[in-house]
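The structure appears below as structure tokens.
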Amino acid sequence: MRRDNIKIIKDLIKLNGKQSSIDKIEEEAVELALSLIQLKCPTKLDKKKRLNDVHKELADMKIMLRQAEMIFSKKKINKYVNQKLASKQKKYLTND
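Following numbering that gives the first Met the number 0, the numbering of the sequence shown begins with 0 at its first residue and continues without gaps.
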């Protein structure tokens, strides 16, 4: 992510406070989930628009994940990412 975008995210956390920023992370996670559900909905005809909505929500979530790394511990999050990926590799990708 570009350095100026990182500054914008930091400034937003400072402006809104940590709790409001956490609330926004929750909101964006729900919006992403709903857009993914809508993508599968057979009654929705404009699939291109729904796919575009998913991309927009993924962009929002990417910003929120960066924000979460700033609010919580990036180091600890990455530690768990590494552990989880190693576990998945062992469980699903290793031929034993």
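Quick reminder that beta carbons are idealized off the backbone N, C-alpha and C, glycines included.
Asked, Found
"Looking at E68: is its Cβ nearer than 8 angstroms to the Cβ of I62?", "no"
"Could you say if the stretch 5–20 and the stretch 41–48 meet the contact criterion of at least three C-beta pairs nearer than 8 angstroms?", "no"
"Return the CA-CA distance between A85 and L92, expressed in angstroms with no decimal places.", "10 angstroms"
"For Q66, count neighbouring C-beta atoms within 10 Å of its own C-beta (all shown protein chains included) and say buried if the count is 16 or more, exposed if not.", "buried"
"So E27 and D52 are supposed to be a Cβ contact under 8 angstroms. How far apart are they, rounded?", "E27 to D52, Cβ: 13 angstroms. No contact."
"From K23 to V80, what distance separates their C-alpha atoms?", "22 angstroms"
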